[in-house]
Amino acid sequence: MRLQVKRDLARFVAVSGWLCLAAAPARALPSPDDETAGYLVHFFSDVNGVDVVSMFVDYGLATGPGLKASLEWSHDIVIIPAIDAPRGSAEAVDAITTASRPITDADQPYEDYIKTRNALQGSVAWKDVQSGYYVSSESDYFAQMLSLGWDRDLKGDNLNLAAGLSYGWDSIEPLADDGATAAPATRSTLHGSLVATRILDPRTTLRVGAEFDRVSGQQHDPYRSVNAGGAIVRERHPDERLRRDIFVRASRWLGNRSSLKADYRLYGDDWDVSSSTWGLRLAQYVTDDLVIAYRYRYYTQSAAWFYSDDYDLTDGIDGYRTGDYRLGDFGAHLFGGRITWTPSALTRRWNFLHDVQVVLGYERYFNSYNFTASIYETGVSVSF
Amino acid sequence: MSRRRALRSAAQAALAFMLLLVGAGCATVRPYEKEHLADPIMVSAADTGVQMREMKWLDAREGSTGGVGGAGGGCACK
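Residue numbers (the numbering used here), protein chains in the order written: chain E, 4 to 387; chain B, 11 to 88.
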């Protein structure tokens with residue numbers, strides 16, 4: 004079953020990619036730089052056997068002076084492996100806690116759990132203002148978001164200020180799980196950001212910013228259980244969370260046709276989770292058409308106030324309990340590489356093509372819970 | 011003072027310094043001097059798509075990443 008799904012996915016990915024490539028030259032084209040199109044595939048595979056295939060198709064259009072529009076469609080297929088234990092057994096509960104999946108009927112533990120998600124995001128920008136709408140749908144989750152942004156160049160285009168605001172509202176309708184169905188719920192997110200980018204000298208830029216989020220509504224997983232006070236009970240998180248972060252990024256052009264980007268992010272919220280993230284990216288031209296980029300990221304966070312490895316009471320801590328390791332104290336490393344090939348021979352041959360890029364990337368992620376994952380990326384983008 | 015708190019204070023001081031640096035009137039770079047800054051491997055906007063896709067899966071692995079709304083997948087994707 005799983006092998007068959009993977010074969011079908013591979014066929015779908017291959018056919019879609021070739022359709023995208025084949026369709027591009029056939030397009031009736033206006034002036035150069037008016038249109039862009041891209042196709043990307045991500046494949047995520049972790050140590051628990053969870054696979055996620057994500058496909059992204061985007062299209063952008065500049066229809067007049069200062070007016071731009073873009074559309075992106077993404078399609079995710081999530082495959083969570085079979086548990087191979089009877090529904091309701093301790094092994095099944097442990098597996099659910101790890102993999103966070105529902106078991107609707109008695110046969111389902113012995114089958115892979117597969118779910119799909121489709122998302123569409125559109126945005127329109129006119130001069131300094133941008134607005135957008137996002138919608139995503141899956142079997143138990145429906146999300147929508149409206150966004151508004153503004154940015155302006157100042158000081159002779161040496162300083163850029165940008166501000167953004169978005170509001171998202173989600174509808175959660177859990178599937179039947181282990182003979183019970185959790186009640187439908189909602190969640191809303193208000194997000195704001197302020198970013199300043201400054202050119203310091205002909206080789207260096209500096210970007211600093213701050214973000215805040217107010218999340219209201221259900222924030223726990225309706226399928227995940229936790230062992231508390233000797234009983235297996237559903238996890239429960241507070242309904243309100245206030246999150247904020249500040250970040251800085253410095254980009255420096257190096258002498259040998261390479262660039263170095265260093266960034267840092269400091270995060271804190273009212274669940275007492277605080278985190279620091281450091282990142283380094285080095286990009287190097289190998290030839291005029293080929294760029295190789297390396298990156299490293301280190302992440303560390305503290306635990307939420309209601310997180311515990313061992314709850315003494317069924318009620319957890321002040322009525323809240325979690326089986327989510329993401330709310331614990333841990334650190335994570337991510338490293339990887341990415342090759343970007345810009346075949347200039349194609350753009351010379353077909354002069355209606357302004358730019359073609361082919362990307363290939365690999366990243367490895369691991370954290371202090373012995374969780375590891377591999378992330379593969381491949382895709383092509385074309386501008387006309 | 012704990013090590014974590016000291017680290018956070020140092021980071022906040024560094025960020026405040028950076029903010030001052032951004033707001034202050036550094037030497038103006040003229041358009042003809044921006045050749046390297048406009049190179050694709052320097053432009054931050056080129057990383058935006060990569061970061062958004064990365065945030066999508068990191069959101070499901072870390073407690074403080076993502077979560078800015080519009081990510082969907084609150085249930086079995088995580």
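Even glycine gets a Cβ: it sits at the ideal position worked out from N, Cα and C.
Neighbour-count burial assignment, residue i, 16 or more Cβ in a 10 Å radius
| i | result |
| --- | --- |
| Leu-316 (chain E) | exposed |
| Asp-242 (chain E) | exposed |
| Arg-204 (chain E) | The identity of residue 204 (chain E) in the sequence shown is Asp, whereas the question assumes Arg. With fewer than 16 other Cβ atoms within 10 Å, it is exposed. |
| Tyr-368 (chain E) | buried |
| Ile-99 (chain E) | Confidence at Ile-99 (chain E) is low in this model, with a pLDDT of 44, below 50, so the placement of that residue is unreliable and no value is reported for it. |
| Asp-54 (chain E) | buried |
| Gln-61 (chain B) | exposed |
| Ser-371 (chain E) | exposed |
| Glu-64 (chain B) | buried |
| Trp-129 (chain E) | exposed |
| Gly-337 (chain E) | Per the sequence presented here, residue 337 (chain E) reads as Leu, with Gly not at that position. With 16 or more other Cβ atoms within 10 Å, it is buried. |
| Tyr-113 (chain E) | exposed |
| Lys-66 (chain B) | buried |
| Pro-177 (chain E) | buried |
| Arg-244 (chain E) | buried |
| Leu-323 (chain E) | Note that residue 323 (chain E) corresponds to Tyr in the displayed sequence, not to Leu. So Tyr-323 (chain E) counts as buried. |
| Arg-252 (chain E) | buried |
| Lys-158 (chain E) | exposed |
| Ala-86 (chain B) | Model confidence at Ala-86 (chain B) stands at a pLDDT of 39, short of 50, so the residue's coordinates are unreliable and nothing is read from them. |
| Ala-183 (chain E) | exposed |
CB contact below 8 angstroms: residue i versus chain E
| i | result |
| --- | --- |
| Met-65 (chain B) | no |
| Thr-38 (chain B) | yes |
Residue i: CB within 7 angstroms of a non-hydrogen atom of the ligand NAP
| i | result |
| --- | --- |
| His-45 (chain E) | The ligand content of the structure shown is nil, which means the ligand NAP is not present either. |
Cutoff 8 angstroms: residue i Cβ touching any chain B Cβ
| i | result |
| --- | --- |
| Ile-378 (chain E) | yes |
| Lys-71 (chain E) | no |
| Trp-256 (chain E) | yes |
| Val-50 (chain E) | no |
| Gln-304 (chain E) | yes |
| Thr-381 (chain E) | no |
| Thr-208 (chain E) | yes |
| Leu-316 (chain E) | no |
| Phe-369 (chain E) | no |
| Leu-349 (chain E) | no |
| Phe-387 (chain E) | no |
| Pro-205 (chain E) | yes |
| Asn-373 (chain E) | no |
| Ser-278 (chain E) | yes |
| Asn-2 (chain E) | Outside the modelled stretch of chain E, which goes from 4 to 387, sits residue 2 (chain E), for which no answer is possible. |
| Thr-100 (chain E) | With a pLDDT of only 42 at Thr-100 (chain E), under the threshold of 50, the placement of this residue in the model should not be trusted; the figure read from the coordinates follows. Chain B, which has no Cβ nearer than 8 angstroms to the Cβ of Thr-100 (chain E), makes this no. |
| Ala-335 (chain E) | yes |
| Ser-262 (chain E) | yes |
| Leu-157 (chain E) | no |
| Leu-32 (chain E) | Residue confidence for Leu-32 (chain E) is low, a pLDDT of 40 falling below 50, so the modelled location carries little weight and cannot support an answer. |
| Thr-200 (chain E) | yes |
| Phe-47 (chain E) | yes |
| Leu-330 (chain E) | yes |
| Ala-179 (chain E) | no |
| Ala-286 (chain E) | yes |
| Tyr-270 (chain E) | yes |
| Asn-230 (chain E) | no |
| Asn-161 (chain E) | yes |
| Val-127 (chain E) | no |
| Val-294 (chain E) | yes |
| Val-55 (chain E) | yes |
For residue i: DSSP bridge partner residues
| i | result |
| --- | --- |
| Asp-61 (chain E) | E:Gly-41 and E:Glu-75 |
| Arg-61 (chain B) | The amino acid at residue 61 (chain B) is misidentified as Arg; the sequence shows Gln. None; Gln-61 (chain B) has no bridge partner. |
| Thr-189 (chain E) | E:Ser-174 |
| Asn-373 (chain E) | DSSP, once it has assigned bridges, lists no residue as partnering Asn-373 (chain E). |
| Asp-1 (chain E) | The shown model of chain E, from 4 to 387, leaves out residue 1 (chain E), and the question about it has no answer. |
| Leu-168 (chain E) | E:Leu-151 and E:Gly-195 |
| Ala-213 (chain E) | E:Leu-197 and E:Ile-249 |
| Phe-387 (chain E) | Partner(s): none; Phe-387 (chain E) has no beta bridge. |
| Glu-243 (chain E) | E:Ser-219 |
| Asp-156 (chain E) | E:Asn-163 |
| Val-56 (chain E) | E:Phe-46 and E:Ile-80 |
| Ala-234 (chain E) | E:Ala-231 |
Take every Cβ of the region 300-311 of chain E, pair it with every Cβ of the region 264-282 of chain E, and state whether three or more of those distances are shorter than 8 angstroms. Judged by Cβ distances under 8 angstroms, the region 300-311 of chain E makes contact with the region 264-282 of chain E, as three or more pairs qualify.
Count the CB pairs spanning the region 344-364 of chain E and the region 259-266 of chain E that are closer than 8 angstroms, and state whether there are at least three. No, because fewer than three Cβ pairs between the region 344-364 of chain E and the region 259-266 of chain E fall closer than 8 angstroms, the two stretches do not touch.
Length-filtered (3 minimum) beta strand (DSSP E) runs lying within the region 254-295 of chain E: For the region 254-295 of chain E, whole beta strand (DSSP E) runs of length 3 or above, ordered along the chain, are 261-272 and 277-288.
Fully enclosed by the region 309-361 of chain E, which alpha helix (DSSP H) runs are 4 residues long or longer? Within the region 309-361 of chain E, the complete alpha helix (DSSP H) runs of at least 4 residues fall at 347-352.
Is it true that the region 231-238 of chain E meets the region 187-197 of chain E, where meeting means three or more beta-carbon pairs spaced less than 8 angstroms apart? Segments in contact, no.
Minimum length 4: unbroken alpha helix (DSSP H) runs contained in the region 114-145 of chain E: Entirely contained in the region 114-145 of chain E, not one alpha helix (DSSP H) run reaches 4 residues.
When the Cβ atoms of the region 322-331 of chain E are set against those of the region 351-367 of chain E, are three or more pairs found closer than 8 angstroms? The way I'd put it, the region 322-331 of chain E doesn't touch the region 351-367 of chain E; fewer than three beta-carbon pairs between them come closer than 8 angstroms.
Counting pairs of Cβ atoms below 8 angstroms between the region 163-170 of chain E and the region 371-386 of chain E, do you hit three or more? Counting Cβ pairs under 8 angstroms, fewer than three are found: no touch.
Touching or not, the region 290-297 of chain E and the region 203-220 of chain E, by the rule of three or more beta carbon pairs under 8 angstroms? No, the region 290-297 of chain E does not touch the region 203-220 of chain E.
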